[in-house]
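Asker: Each number in the working numbering comes from the position in the sequence shown (counting from 1) with 799 added on. Ideal placement from N, C-alpha and C gives every residue a C-beta, glycine not left out. Only a predicted model underlies this, so the values are computations on that prediction, with no experimental measurement involved. I am attaching a structure below and will ask some questions about it afterwards.
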Amino acid sequence: MDKSLLEILACPICKGELLFDTKNQELICRFDRVAYPVIDDIPVMLENRARRLSGDE
Numbered sequence: 800m801d802k803s804l805l806e807i808l809a810c811p812i813c814k815g816e817l818l819f820d821t822k823n824q825e826l827i828c829r830f831d832r833v834a835y836p837v838i839d840d841i842p843v844m845l846e847n848r849a850r851r852l853s854g855d856e
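Here you go:
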């Protein structure tokens, strides 16, 4: 994930900061506890494509 792109992107739900999980290729919003997939280096920033994070994630 390009670092400059990560600085621009924000969570579409709360407009908060996103963290990139390189292992799972996801953008994580800790506030809303959701993970957005990154497919072929393209972030899929759709709320209906996000997965809910479990309590231990």
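By Cβ distance, which residues of its chain are closer than 6 Å to GLN824, with the 5 residues on each side in sequence left out?
Answerer: Here the set comprises VAL837.
Asker: Return helix, strand or coil for ILE807, following the three-state DSSP convention.
Answerer: Three-state DSSP puts ILE807 in a helix.
Asker: From ARG832, LEU805, LEU804, ILE827, pick the residue whose C-alpha is nearest to that of SER853; which is it?
Answerer: Here the closest residue by C-alpha is ARG832.
Asker: For the beta strand (DSSP E) containing ALA849, name the first residue and the last one.
Answerer: Here ALA849 belongs to no beta strand (DSSP E), and DSSP marks it neither H nor E.
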